[in-house]
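Participant:
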Amino acid sequence: MTATDSITNISCYKFAPLSGLKELRARLLAFCKERSLKGTILLSEEGINMFIAGLRDDVDALVDDLRRIPGLEGLKPKYSLSAEQPFRRMLVRIKKEIIAFGVDGIEPAKYTSPRLEPKMLKQWLDEGRPVILYDTRNDYEVKLGTFKGALVAGIDSFRDFPAAVAKLPPELKKAEVVSFCTGGIRCEKAAPFMERAGFEHVWQLEGGILKYFEECGGAHYDGELFVFDQRVGVDPALSETDSAQCFVCQTPLTAEDQADSRYVAHVSCPYCFKTSEQQQREQIEQRHAAIRAASTPLPGSVPYDHERPLHIPAACDHKTVVDAFDHVMPHIGREVWLQTAQNGRLTDKDGKPVTADHIVRAGEHYLHHTPAMREPDVNADIRVLFEDEAILVLNKPAPLPVHVGGRFNRNTLQYILDLVWHPLRPRTVHRLDANTTGVMLLCKTQHFARLVQPQFERGEVEKVYLARVQGHPAQDEFICDAPVSAEAGKLGGRSVEEGGLEARTEFRVLQRDADGTALVEARPITGRTNQIRIHLWHLGHPIVGDAAYLPDGKVGETQTLAVTDPPLCLHAWKLSFTHPLTKQRVTLEAERPQWAAL
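For reference, each letter of the sequence shown is one residue, going 213 to 810 in the numbering used here.
Put into structure tokens, the structure is as follows:
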């Protein structure tokens, strides 16, 4: 397919009871891929919604095929043309709703509000008929254009529509209201909802703005129409416009916006451009306020019923369920698992309790139930050092586990970040122990994580730690290359082991103090679990406050410190890496803790 081919774009939906969705999904995906069609088809028990592009014959073949499905006989696509394929791939997805609304009792397959044909709306507007045009679209869509004098819902998501309706003046309930959206699908739910809210005369624009453009052109409409593909915007002739969309904030951009000096492709636009360091500081303070709100009280301090899943590994095949749990989590103790089973809190995947002598098979799933679980307190004073559209850099406090594990499920860094950055889910690309403070790098999306994480694997990231150790090392600079065990031992820790994983750390003494401790700089060249702690412990200089790697080669009984315990004196001080967008070398530094002051 070349750029000179004429590509047919269709959008259409139909509310109708559908069944056998998995089989239908597989059939449609194969049908479309065979014909090089691209776009998205959403299927649910309430109907179908799709945006598809390809050669006209192939598009028509798909529409004909769909019309053979009971309930979809009346499928009415809206057509437009483009010079190039506007979609990157073909997706067929099964959803709870074909347009997410989240309000029970609104079922367009059973009832919709009266429909108003586009030509009739134009006639009403030509005549000056008093009518309220209500734009049900999201704000970023409205930015490119809407009907003249339209009342805009002012929402970020269609799920916010009920709250927007609740704010409308009561006198509008007796007015004639015409709801409209891009292609009509949202109004299938929005208009009946407004009727249920007490609005007496509600119409829905048949086919939405797309059909209005097709039949009436741009009369009574200002601007262009935002569409959900790479074209971004179309004019009343349904031709692609010069509008673009900001890579960072997703705001539609007109040609004038793109001419603005603040618009830099993949970096910023006039709507997300940061003009000063003060603005960045304000944004960080907003993040800090959100972190405080999300962690006050600590999420895991409020009792909740917790289910911990266990996937039976091959090594536990034909063991009892108690022996299997003890094998996977030996630090808890077999007697505890035995008592847990006797209390009925070990169940199969369906929630049915199993006895302590129940035999398990590899690949099975079981659950450990903990009623009214309350997690140990942690230090949630998470500080943001830097944030942009690609990465997030934090100064992690301690004690604070990064991921779910052991006694911690909600009182973790990841859980708190997920609350604050929702709907984004910042992705960790390296590890810091629960008891270690300092610089931690996360990526905003999986795409950026795939660009950054290999830098750690290839040894391209420079990491500098500070540690206060017991005793005074004999040399000012020294190296430890003792191999670290591959398998976890007591409390999940590691040790120096001949034939273990290659490990290398470079050390430099910064200060020797009268109390018998020394401040050292550590540069791990490899990235093994607990590497710095193990190497210093192996050299006879365990880190002050380390409850696991004790003096004289002993191993402690504590994994994660309590908030009231003396801190582990290990701090990730500096981190240098290549930024995934700018490709420039970046160095971030976390303020020295009090114990590391010179």
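Here a beta-carbon is modelled for each residue, glycine too, at the ideal position from N, C-alpha and C.
Quick caveat: nothing in here was measured; it's all calculated off a predicted structure.
In the DSSP assignment, the beta strand (DSSP E) including residue 633 goes from what residue to what residue?
Facilitator: For the purposes of this step, residue 633 is identified with residue 421 of the sequence shown, where counting begins at 1. No beta strand (DSSP E) holds residue 633; the alpha helix (DSSP H) holding it covers 625-633.
Participant: Would you kindly check if the distance between the Cβ of residue 639 and the Cβ of residue 614 is under 8 Å?
Facilitator: Stepping through the sequence shown from its first residue, residue 614 is reached at position 402. Stepping through the sequence shown from its first residue, residue 639 is reached at position 427. Taking 8 Å as the Cβ cut-off, residue 614 and residue 639 do not qualify as a contacting pair.
Participant: If you reduce the DSSP assignment to three classes, tell me which class residue 390 lands in.
Facilitator: Position 178 of the sequence shown, counting from 1, holds the residue named residue 390. Reduced to three states, the DSSP call for residue 390 is strand.
Participant: Am I right that residue 793 and residue 602 are in contact with their C-beta atoms under 8 Å? What's the rounded C-beta distance?
Facilitator: As a working note, residue 793 is residue 581 in the sequence shown. As a working note, residue 602 is residue 390 in the sequence shown. That belief holds up - the Cβ atoms of residue 793 and residue 602 are roughly 5 Å apart, short of 8 Å.
Participant: Give me the Cα-Cα distance between residue 409 and residue 283, rounded to the nearest whole angstrom.
Facilitator: The count along the sequence shown starts at 1 and reaches residue 409 at position 197. The count along the sequence shown starts at 1 and reaches residue 283 at position 71. Distance between the alpha carbons of residue 409 and residue 283 is about 29 Å.
Participant: With distances taken from CA atoms, which of 330, 344, 690, 292 is nearest residue 751?
Facilitator: Working through the sequence shown from its first residue, we reach residue 751 at position 539. The closest CA to that of residue 751, considering only 330, 344, 690, 292, is found on 690.
Participant: With DSSP collapsed to three states, give me the class of residue 812.
Facilitator: One cannot answer for residue 812 here, as it falls past the ends of the chain, which runs 213 to 810.
Participant: Excluding sequence positions up to five away, which residues of its chain have a Cβ less than 7 Å from the Cβ of residue 830?
Facilitator: This structure gives no information on residue 830, because the portion of the chain shown stretches from 213 to 810.
Participant: Which stretch, first to last residue, makes up the alpha helix (DSSP H) that contains residue 336?
Facilitator: As a first step, residue 336 is located in the sequence shown; it is residue number 124 there, counting from the start. Boundaries of the alpha helix (DSSP H) around residue 336: 330-339.
Participant: Quick one: give me the first and last residue of the alpha helix (DSSP H) that residue 552 is part of.
Facilitator: Numbered from 1 along the sequence shown, position 340 holds the residue referred to as residue 552. It spans 546-554 - the alpha helix (DSSP H) in which residue 552 sits, taken as one unbroken run.
Participant: For residue 214, which residues of its own chain have a beta-carbon under 6 Å away from its beta-carbon, when the five flanking residues on both sides are left out?
Facilitator: Stepping through the sequence shown from its first residue, residue 214 is reached at position 2. At residue 214, the pLDDT of 41 sits below 50, so the modelled position is not reliable and the matter cannot be decided from this model.
Participant: Pick from 586, 226, 273, 740: whose alpha carbon is nearest that of residue 695?
Facilitator: Here residue 695 is taken as the residue at index 483 of the sequence shown, counted from 1. The shortest Cα separation from residue 695 among 586, 226, 273, 740 belongs to 740.
Participant: Straight-line CA distance for residue 288 to residue 421?
Facilitator: As a position in the sequence shown, residue 288 is number 76, starting the count at 1. As a position in the sequence shown, residue 421 is number 209, starting the count at 1. The alpha-carbon atoms of residue 288 and residue 421 are separated by roughly 15 Å.
Participant: Under 6 Å Cβ to Cβ from residue 415, same chain only, skipping five residues before and after it: list those, please.
Facilitator: As a first step, residue 415 must be located in the sequence shown, where it is residue number 203. Around residue 415: 326, 328, 390.
Participant: With 16 as the cutoff for other CB atoms within 10 Å, does residue 682 come out buried or exposed?
Facilitator: Here the question's residue 682 lines up with position 470 in the sequence shown. Looking at its Cβ environment, which holds 16 or more other Cβ atoms inside 10 Å, residue 682 is buried.
Participant: Hey, out of 551, 398, 780, whose CA is closest to residue 226's CA?
Facilitator: Position 14 of the sequence shown, counted from the first residue, corresponds to residue 226. Selected option, being the one with the closest Cα: 398.
Participant: Give the range of the beta strand (DSSP E) segment to which residue 734 is assigned.
Facilitator: For this step, residue 734 is matched to residue 522 along the sequence shown. Secondary structure note for residue 734: its beta strand (DSSP E) is the uninterrupted segment 729-736.
Participant: Helix or strand or just coil, what does DSSP make of residue 696?
Facilitator: Against the sequence shown, residue 696 aligns to sequence position 484. Looking at residue 696 - three-state DSSP - the assignment turns out to be strand.
Participant: What's the C-alpha gap between residue 588 and residue 775?
Facilitator: Stepping through the sequence shown from its first residue, residue 588 is reached at position 376. Stepping through the sequence shown from its first residue, residue 775 is reached at position 563. When only Cα atoms are considered, residue 588 and residue 775 end up about 9 Å apart.
Participant: With a threshold of 7 Å (Cβ to nearest heavy atom), would residue 256 be considered close to the ligand HEM?
Facilitator: The ligand HEM is not part of this structure, which contains no ligands at all.
Participant: Which residue marks the beginning of the alpha helix (DSSP H) containing residue 420, and which one marks its end?
Facilitator: Counted from its first residue, the sequence shown places residue 420 at position 208. Note, residue 420: alpha helix (DSSP H), 420-428.
Participant: Would the region 433-441 and the region 468-479 be scored as touching if the rule is three or more Cβ pairs under 8 Å?
Facilitator: no
Participant: Enumerate in chain order the residues of its own chain whose CB-to-CB distance from residue 396 is below 6 Å, with the five nearest sequence positions on each side excluded.
Facilitator: Here residue 396 refers to the residue found at position 184 of the sequence shown. Only 419, 420 meet the Cβ criterion.
Participant: Could you tell me if residue 454 is buried or exposed, where buried requires 16 or more neighbouring beta carbons within 10 angstroms of its beta carbon?
Facilitator: To locate residue 454, count along the sequence shown from 1; it is residue 242. By the 16-neighbour rule on beta-carbons within 10 angstroms, residue 454 is exposed.
Participant: Can residue 761 and residue 735 be called in contact, C-beta distance under 8 Å?
Facilitator: Counted from its first residue, the sequence shown places residue 761 at position 549. Counted from its first residue, the sequence shown places residue 735 at position 523. For the pair residue 761 and residue 735, the CB atoms are not nearer than the 8 Å cut-off.
Participant: Do residue 553 and residue 568 have their beta-carbon atoms positioned less than 8 Å apart in this structure?
Facilitator: Within the sequence shown, residue 568 is the residue found at index 356, counting from 1. Within the sequence shown, residue 553 is the residue found at index 341, counting from 1. Yes, the Cβ-Cβ distance between residue 568 and residue 553 is below 8 Å.
Participant: Write down every uninterrupted run of the alpha helix (DSSP H) in the region 730-791 whose length is 4 residues or greater and which is fully enclosed by it, in chain order.
Facilitator: Within the region 730-791, the complete alpha helix (DSSP H) segments at least 4 residues long are 743-750, listed from N- to C-terminus.
Participant: Taking contact to mean 3 or more Cβ pairs, one atom from each stretch, closer than 8 Å, check whether the region 361-376 and the region 303-316 are in contact.
Facilitator: yes
Participant: Report the rounded CA-to-CA distance for residue 788 versus residue 463, giving the unit in angstroms.
Facilitator: Start at 1 with the first residue of the sequence shown, and residue 788 comes out as number 576. Start at 1 with the first residue of the sequence shown, and residue 463 comes out as number 251. Near 32 Å, if we compare the C-alpha coordinates of residue 463 and residue 788.
Participant: Can you give me the C-alpha to C-alpha distance between residue 802 and residue 544, rounded to a whole angstrom?
Facilitator: Within the sequence shown, the letter at position 590 stands for residue 802. Within the sequence shown, the letter at position 332 stands for residue 544. Their backbone Cα atoms lie some 35 Å apart in a straight line.
Participant: So residue 667 is in the beta strand (DSSP E); what residue range does that whole segment cover?
Facilitator: For the purposes of this step, residue 667 is taken as residue 455 along the sequence shown, with counting starting at 1. Where residue 667 is concerned, there is no enclosing beta strand (DSSP E), although the alpha helix (DSSP H) it sits in stretches over 658-669.
Participant: Going by the beta-carbon positions, is the gap between residue 728 and residue 767 smaller than 8 Å?
Facilitator: In the sequence shown, counting from the first residue as 1, residue 728 sits at position 516. In the sequence shown, counting from the first residue as 1, residue 767 sits at position 555. No.
Participant: For the region 532-547 against the region 643-657, do three or more pairs of beta-carbon atoms, one drawn from each stretch, fall closer than 8 Å, so that the two count as touching?
Facilitator: no
Participant: Can you tell me which of 412, 479, 344 puts its alpha carbon nearest to the alpha carbon of residue 795?
Facilitator: Against the sequence shown, residue 795 aligns to sequence position 583. Looking at the Cα atoms, 479 is the closest of the given residues.
Participant: Ignore the nearest five residues each way along the sequence and tell me which others in residue 540's own chain have a CB closer than 8 Å to its CB.
Facilitator: The residue you call residue 540 lines up with position 328 of the sequence shown. Excluding sequence neighbours, residue 540 sits near 522, 525, 528.
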